[in-house]
Each structure stands twice: as structure tokens, then as C-alpha cells.
Amino acid sequence: PRYLEREFLVNYKTANIVLLRPSMSFMLLQTPDPRTLREVLPDFTKTTHIFLPINDCRNVNEAEGGTHWSLLLVSVVDGIAFHYDSLPPGNCDEALQATLKLSSLLNKRLRFVNLEDSPVQENSSDCGVFVCLHMRQLLLKRLLMANSSEKISMSLGGMKVNANSGRREIARIIDRFRKKGERRRSYVPTFIFMPVLVCVCSLLLLVTTLALPVLRAFFFPEYSDLSSRIRNHPWRDGVMARLSP
1 PRYLEREFLV NYKTANIVLL RPSMSFMLLQ TPDPRTLREV LPDFTKTTHI FLPINDCRNV
61 NEAEGGTHWS LLLVSVVDGI AFHYDSLPPG NCDEALQATL KLSSLLNKRL RFVNLEDSPV
121 QENSSDCGVF VCLHMRQLLL KRLLMANSSE KISMSLGGMK VNANSGRREI ARIIDRFRKK
181 GERRRSYVPT FIFMPVLVCV CSLLLLVTTL ALPVLRAFFF PEYSDLSSRI RNHPWRDGVM
241 ARLSP
């Protein structure tokens, strides 16, 4: 969700679409009274659609638990929750519970629809990739491409999903961001370096100025009695300079 938010959704200023993190969806599912989560969840006041990754883990003490992922897309404006599961019946019960919790949180009745024509995975390990690809398709090709007054189909029936290609694409995106982060860490901007350099040079100049009389007295003792020499040395015009009585 974060990638879609920062790379695409941020460019649509008028869109009121929320992509919930998996941790938030799990917290919503496991909280008896979802209304207590209003302080920690996004503000859904103007939200039109909510994406929720659904996991079948029910143990709150188990980190990264569960065996299957699916996608729940809630159209708040229509009062409908669409469930996309690539390994049916899969997370149908969990998605229904998430819909009921969200309905209570929004104080709005939501009708649950399990879309049985969703693309189906061919193994037991591609569910996460399917969720990512389904979310991108629904967000970029459906919701963000339609007019606000236009009715669009939320069915993914007939959509061809190549899990291996999707997995490679996800790996390339991760690698691109990794390299971008490495370049940022190795680059020191001049607007950061120059003030530091100026401060260091100023400090060295101040220390040198303060230490100069001491160093001169140490290395050239014959010039150490500076005040007496000034008092007793006549200038060319015969006027005596007195620095002290």
C-alpha cells in the first residue's frame, strides 16, 4: 500500500481513497469494539473507498502469522464491500468479519459481496502477489481512471494474472528503492557541508587569535613585555602612546 500511495495516489489530490496497512486491518479484525480505534486509524469522514489486505491469522501473539492473504475493497459511497480471494473459500469469513467491524466503525451499513469470478492462483504461495496485483489494478485502472459520477465494474473476472512476472516486478521495485537509498546515504549535500566547514574555520580562527599572544611570549620572550615597550617607544612624530597610566 505504501508504494501505491507514494508513487501514484499522491498525484490525485482530490481522491479520497485509503489504503490500510496489513497491521491496521489485523488490528481492526481483532478489536472487539472497533470504535475504540478511531484515534489510531485514518479519518474516514470523507473517504470514498478503503482497501484492506485480509489475513487468516487469529492469534494476536503470533508475529507474521496466518497462511493466506486476500483483498477487501470497501466502497463507502455505495455501501458495498467487495472481497477478492485467489484461493476460495479462503478468507471469506475473515473478510465478512472485517466488513462488520468497519460498518460499526463508520456507523454505516455495508453489504458484503464475495466475488467468485476473481482470478485463482495455481499454487499455495502466490496469494500475496495476487493481492498486490489486484490492488494495483483496482486502484490505477478502475477507481483513479473513472469520473466521480461514473459507475464502474469492480469485477476482476477474466483478468489474467502472471504471478511469476508480478513477483519479478515487485523484486525490481524493491531493488530500485534499495539502490536509491544507498545513493542518498553516500551523498553529502553541500548545503549541509558548507555551514559545518564555516563553523570549523571560524572556531580555528578564534582559537588562533586567542592563543597568539601566549605563543609569542613563549617562543619570543624578548617581545613579551609589550606594554612597557609601547609606553617607552616614541613614534616618529614625537607623541608618546600610553595604553595605561
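Numbering (UniProt numbering), first residue to last: 1 to 245. C-beta: ideal position from N, C-alpha, C; glycine also. Keep in mind that this is a model prediction, so the values were computed, not measured.
Which value, in whole angstroms, describes the spacing of the CA atoms of residue 55 and residue 4? Taking the sequence shown and counting its residues from 1, the one referred to as residue 55 is at position 55. Taking the sequence shown and counting its residues from 1, the one referred to as residue 4 is at position 4. Answer to the nearest angstrom: the Cα atoms are 20 Å apart.
Where residue 17 sits in the DSSP three-state scheme: Here the question's residue 17 lines up with position 17 in the sequence shown. Residue 17 falls in the strand class under three-state DSSP.
C-beta atoms of residue 71 and residue 131 nearer than 8 Å: Numbered from its first residue, the sequence shown carries residue 71 at position 71. Numbered from its first residue, the sequence shown carries residue 131 at position 131. Closer than 8 Å, so yes.
At a cut of 8 Å, does the segment 89-104 reach the segment 118-125 through at least three beta carbon pairs? no
Need the endpoints of the alpha helix (DSSP H) that residue 95 sits in, please. What you label residue 95 is simply residue 95 of the sequence shown in a count that begins at 1. From DSSP, the alpha helix (DSSP H) with residue 95 extends over 92-106.
Could you check which residue in 30, 35 and 48 has the C-alpha nearest to that of residue 14? For the purposes of this step, residue 14 is identified with residue 14 of the sequence shown, where counting begins at 1. Of 30, 35 and 48, the residue nearest in Cα terms is 48.
Measuring only the C-alpha atoms, how far is residue 164 from residue 126? Here the question's residue 164 lines up with position 164 in the sequence shown. Here the question's residue 126 lines up with position 126 in the sequence shown. Rounded to whole angstroms, residue 164 to residue 126 spans 9 Å at the Cα level.
Assuming the contact rule is C-beta atoms closer than 8 Å, residue 42 and residue 18 should be a hit. Round their C-beta distance to whole Å, please. As a working mapping, residue 42 is identified with position 42 in the sequence shown. As a working mapping, residue 18 is identified with position 18 in the sequence shown. About 5 Å separates the two Cβ atoms, so the contact holds.
Suppose only complete runs of 3+ residues qualify. What are the beta strand (DSSP E) ranges in the segment 57-90, listed by chain order? 69-75 and 80-84
Below 8 Å, how does it come out for the segment 131-141 and the segment 150-166: are there three or more Cβ pairs, yes or no? yes
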